[in-house]
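Counting in numbering that gives the first Met the number 0, the sequence shown runs from 0 upward without gaps.
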Amino acid sequence: MSFSFDSFYEANRRILIWLILIGILWLLQDFFGLIFITFVLTFIATPLVNVGRNKLKLPHRASLVLVYIFFLVVLGSFFRYVTPSVIGEANRFINNFSEVQLKLIEMKRDIIGKYPGMERPLHGYARSILDEDSLRVIDSKLNRFRQKLNFPDIEHLDDVSDSEITEDTYEKLRKYYDRETELLVDVLMTKQMGKVREELPKLINYLYQAIGTMSLALLFSFLILFDSVRLGGLMKSLHESRLKDFYQETAQPVIRFAYVVGRAIQAQAMIACVNTFLTLIGLIMLGIPSVALLSLIVFVCSFIPVLGVFISTTPMVLVALNTGGLTLALGIVGMITIIHIIEAYGLNPMIYGKHLKLNPVLVLIILLIAYHGFGLWGMILGVPVAYYFIHDVFGVPLWDRHRLGPKVTN
């Protein structure tokens, strides 16, 4: 019996079509960021354009132009005011580097004054994160300092018997400990600053890439909405072309999936609002200046899962270091940690569950698995992808009576 390609295609048509679609997506993986941002901007702009048409009675294209002028103003204002502020705080931190070191030493002295038993564990931890070459340099300097004190055989109080602990002995040990602290802090801070200088060109490169991607996404989404009628007709014309099978098989599922992702974006917007509000309260309570600017940074970065937390925390920590020292910076880190826990284990499951009609416990499980399995993209698309497969592919009923969105019919 001879092989028939037509018979093979008809028998495996659905599998072949979806394999081709997955292959196309795989080839376009380097453009996922651009595609996703374009989709997000299109999804956000569409209702705003409709408001201009229905409420303000503007023509479609005039309303569209106003919306994208607004987008450009927001984006330009962000880079105009936020970026210089962050760079300025970073420069202040670098210029006040010696002061930061002194504040660290003073903070360590305050802790040891209250809890003397913490001194050796703190030094031990600091030594554990340094490389052997740095430790050899520190030990060499300490040996020379100990010889200047004429106290070469004693490293800490445990080596001294009670009868030998005189006021002079204690004073020399205190100087030895302080010198060790200064050397450890100096080496640690110098290494961290070295890492910052190494990563700075990469960060600048990422910033330029982000600006380029955002600009292209704005242009593409504008063109899509500007010529949406003709593009819609072009897509429908595929029904009469040789791509008819491909169109019939993938059009409705893709539209449905896009709708689910859009609902996820709405959920993320609500999370961003709550996250910004909590951060604003925390900044006011801690007495941090520039709360409006920092809150704006938090709101924008809240749309970037996982990485956005670190991006938005950096300027807040810099401002805290420059205005209130290390104690205030640690307070910021503690506040952000608490808010992140609330967001990850409270807001995400609750709000995603409400918007996508998923059980909050299931949402939390999906987020954890998606993050560990796929990283950033897993956090962004994990919940909508899981929802789509659970309810649209596998047909599992929703946990409430109201189905999300319009029912798809073939």
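Where is the CB? At the ideal position from N, CA and C, for every residue including glycine.
Residue j beta carbon less than 7 Å from that of residue i
i	j	result
F245	I14	no
G330	L292	no
L346	V273	yes
S433	A271	Any answer about residue 433 is impossible in this case: the structure gives the chain only from 0 up to 409.
S289	L279	no
H410	V308	With the chain covering 0 to 409 only, the question about residue 410 has no answer from this structure.
L182	I137	yes
I337	V318	no
F221	Y67	yes
K171	L148	yes
P275	V297	First, the amino acid is wrong: residue 275 is Thr here, not Pro. Cβ distance < 7 Å, so T275 and V297 count as in contact.
D391	R255	yes
S133	V186	yes
M234	I350	no
Y370	M378	yes
L325	P348	no
L20	T249	yes
L230	L63	no
Residue range of the alpha helix (DSSP H) that includes residue i
i	result
F298	V290 to C300
A343	Run containing A343: none; DSSP gives neither H nor E here.
S139	E131 to K147
Y246	K243 to L285
I68	H59 to S76
L233	S227 to S236
R119	E118 to S127
Okay, do the stretch 58 to 66 and the stretch 23 to 37 touch, 3+ Cβ pairs below 8 Å being the bar? no
Alpha helix (DSSP H) segments (min. 4 residues) lying fully within the stretch 0 to 39: 4 to 10 and 12 to 26
Pairing CB atoms from the stretch 258 to 271 with CB atoms from the stretch 317 to 332, are three or more of them under 8 Å? no
Using 8 Å as the cut-off, can you tell me whether the stretch 205 to 216 makes contact with the stretch 172 to 188, which would need three or more C-beta pairs spanning the two stretches below that distance? no
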